[in-house]
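A short worksheet on the structure shown next.
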Amino acid sequence: MIEARALVKVFQDKKRGAVRAVDGVSFRCEPGRIYGLLGANGAGKTTTLRMLATLLAPTGGGATVAGYDVVKNPEEARANLGFLSTATALYGRLTAREFVEYFGRLHGLPEDLLAARREQLFTRLEMNEFRDRRCEKLSTGMKQKTSIARVLIHDPQVMIFDEPTTGLDVMTARAIVQFIRECKERGKTVIFSTHVMTEVEKLCDRVGIIHGGKLLAEGTIGELNAKTGMTDLEDSFVYVVTQAGGRVA
Numbered sequence: 001m002i003e004a005r006a007l008v009k010v011f012q013d014k015k016r017g018a019v020r021a022v023d024g025v026s027f028r029c030e031p032g033r034i035y036g037l038l039g040a041n042g043a044g045k046t047t048t049l050r051m052l053a054t055l056l057a058p059t060g061g062g063a064t065v066a067g068y069d070v071v072k073n074p075e076e077a078r079a080n081l082g083f084l085s086t087a088t089a090l091y092g093r094l095t096a097r098e099f100v101e102y103f104g105r106l107h108g109l110p111e112d113l114l115a116a117r118r119e120q121l122f123t124r125l126e127m128n129e130f131r132d133r134r135c136e137k138l139s140t141g142m143k144q145k146t147s148i149a150r151v152l153i154h155d156p157q158v159m160i161f162d163e164p165t166t167g168l169d170v171m172t173a174r175a176i177v178q179f180i181r182e183c184k185e186r187g188k189t190v191i192f193s194t195h196v197m198t199e200v201e202k203l204c205d206r207v208g209i210i211h212g213g214k215l216l217a218e219g220t221i222g223e224l225n226a227k228t229g230m231t232d233l234e235d236s237f238v239y240v241v242t243q244a245g246g247r248v249a
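Under the working numbering, the first residue of the sequence shown carries the number 1, and numbering increases by one thereafter.
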């Protein structure tokens, strides 16, 4: 399970002073479920995910990943977590295979298990045709598949996907959405962030809408539509944000 408890993150800005990027965000997601976190750019979504992934230390509140406190036990939390971000970089001079193997060894996988996991992922993500191509030569879709294989090589219990289909063609995006669905079917705990509402409607069991660093609304898609009086998720999202005084481009 993954749980956020009144998470707060304050950044110090030379011009604006203290900026409260995340303000008391709480939610939870259980195994075999996908939680969608929706927010416009600058809403606090990615900052929240980075705190859950132990990349940023919370200013206040707390969180647990697979039972491990992200502040007190960050190494144990990371061992049970896979985090894919739009900012994820690849080592250009390594091949896709070398890159994934490198991270498998960082997680301490024995060579036989590493090889088995690599072959399983490369086959499922249809990576074999470019497995020995340098990462700097890969297309955007190939790079994203390589990043996903890197995230999953140690078979984590909890996964966080931050806009995993951004910039991808339709076929590659569909393949990744299907793969995330399969993670749920395998009992994984998944946090999923995207701007594509159709992906949320296909995948997510519950949805949280964040704006101005606050979690404004939460529930199933049906519950959110009922609360807002709307008939689809995009309209509900726009309604919640604009009611809070925000703007949606």
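C-beta atoms are modelled at their ideal positions from N, C-alpha and C, and glycine is treated no differently.
In terms of DSSP beta bridges, what is E3 paired with? For this step, residue 3 is matched to residue 3 along the sequence shown. In DSSP, E3 forms a bridge with R28, T64.
In chain order, what residues of the same chain have a beta carbon less than 7 Å from the beta carbon of S236, not counting five sequence neighbours either side? As a first step, residue 236 must be located in the sequence shown, where it is residue number 236. Closer than 7 Å at Cβ, skipping near neighbours: L224, N225, T228, M230.
Buried or exposed for T47, going by 16 or more other Cβ atoms inside 10 Å? Numbered from its first residue, the sequence shown carries residue 47 at position 47. Per the 10 Å Cβ criterion, buried.
Spatial neighbours of L125 in its chain, beta-carbon cut-off 8 Å, leaving aside the 5 residues before and after: Counting from 1 along the sequence shown, the entry for residue 125 is found at position 125. Closer than 8 Å at Cβ, skipping near neighbours: K145, I148, A149, A175, F179.
Buried versus exposed call for G92 [16 or more other C-beta atoms within 10 Å across all chains shown]: The residue you call residue 92 lines up with position 92 of the sequence shown. Label assigned to G92: exposed.
Can you give me the C-alpha to C-alpha distance between E136 and Y239, rounded to a whole angstrom? Stepping through the sequence shown from its first residue, residue 136 is reached at position 136. Stepping through the sequence shown from its first residue, residue 239 is reached at position 239. In a straight line, the C-alpha of E136 is about 42 Å away from that of Y239.
In the DSSP assignment, the alpha helix (DSSP H) including F122 goes from what residue to what residue? Taking the first residue of the sequence shown as 1, we reach residue 122 at position 122. First-last of the alpha helix (DSSP H) with F122: 111-124.
In the structure shown, what three-state DSSP assignment does D235 receive? As a working note, residue 235 is residue 235 in the sequence shown. Helix, per DSSP.
Tell me the rounded alpha-carbon separation between K14 and G82. As a working note, residue 14 is residue 14 in the sequence shown. As a working note, residue 82 is residue 82 in the sequence shown. If you take the alpha carbons of K14 and G82, they lie about 33 Å apart.
Taking all protein chains shown into account, decide if D23 is buried (16 or more other Cβ within 10 angstroms of its Cβ) or exposed. By 1-based counting over the sequence shown, the position of residue 23 is 23. Buried, because 16 or more other Cβ atoms sit within 10 Å of the Cβ of D23.
Touching by the beta-carbon criterion (3+ pairs, under 8 Å), the segment 152-170 and the segment 109-120: yes
Can you tell me where the beta strand (DSSP E) with M127 in it begins and where it stops? As a working note, residue 127 is residue 127 in the sequence shown. Element bounds for M127: n/a, residue is neither H nor E.
N- and C-terminal bounds of the beta strand (DSSP E) containing E218: Counting from 1 along the sequence shown, the entry for residue 218 is found at position 218. Element bounds for E218: 214-219.
Looking only at its chain, what residues have a beta carbon closer than 6 Å to the beta carbon of R117, apart from the 5 residues adjacent to it on each side? Reading the sequence shown from its first residue, position 117 is the one you call residue 117. I153.
Unbroken beta strand (DSSP E) run spanning T48, endpoints: Sequence index remark: in the sequence shown, residue 48 carries index 48 (1-based). Not the beta strand (DSSP E): T48 falls in the alpha helix (DSSP H), residues 45-52.
Under the three-state DSSP convention, the category V200 falls into: Taking the first residue of the sequence shown as position 1, residue 200 is located at position 200. Here V200 sits in helix by DSSP.
Give me the Cα-Cα distance between G44 and L52, rounded to the nearest whole angstrom. On the sequence shown, position 44 is the one that residue 44 refers to. On the sequence shown, position 52 is the one that residue 52 refers to. Rounded to whole angstroms, G44 to L52 spans 13 Å at the Cα level.
For V177, the first and last residue of its enclosing alpha helix (DSSP H): Reading the sequence shown from its first residue, position 177 is the one you call residue 177. Counting along the chain, the alpha helix (DSSP H) containing V177 begins and ends at 170-185.
Beta-carbon separation (whole angstroms), D205 vs Y35, contact threshold 8 Å: As a first step, residue 205 is located in the sequence shown; it is residue number 205 there, counting from the start. As a first step, residue 35 is located in the sequence shown; it is residue number 35 there, counting from the start. About 7 Å; that satisfies the 8 Å criterion.
Which residue from H195, R131, K72, E119 puts its Cα closest to that of E98? As a working mapping, residue 98 is identified with position 98 in the sequence shown. Taking only the C-alpha atoms, the option nearest E98 is R131.
Classification of E101 by the beta-carbon crowding that lies within 10 angstroms, buried from 16 upward: Taking the sequence shown and counting its residues from 1, one reaches residue 101 at position 101. Buried, by the Cβ-count rule.
Roughly how many angstroms lie between the CA atoms of E199 and I209, to the nearest whole one? Stepping through the sequence shown from its first residue, residue 199 is reached at position 199. Stepping through the sequence shown from its first residue, residue 209 is reached at position 209. Cα to Cα, E199 sits roughly 15 Å from I209.
Let me make sure I understand the geometry here. Which of K72, L90, E163 has the alpha-carbon closest to that of A40? Working through the sequence shown from its first residue, we reach residue 40 at position 40. Nearest of K72, L90, E163 to A40, Cα basis: E163.
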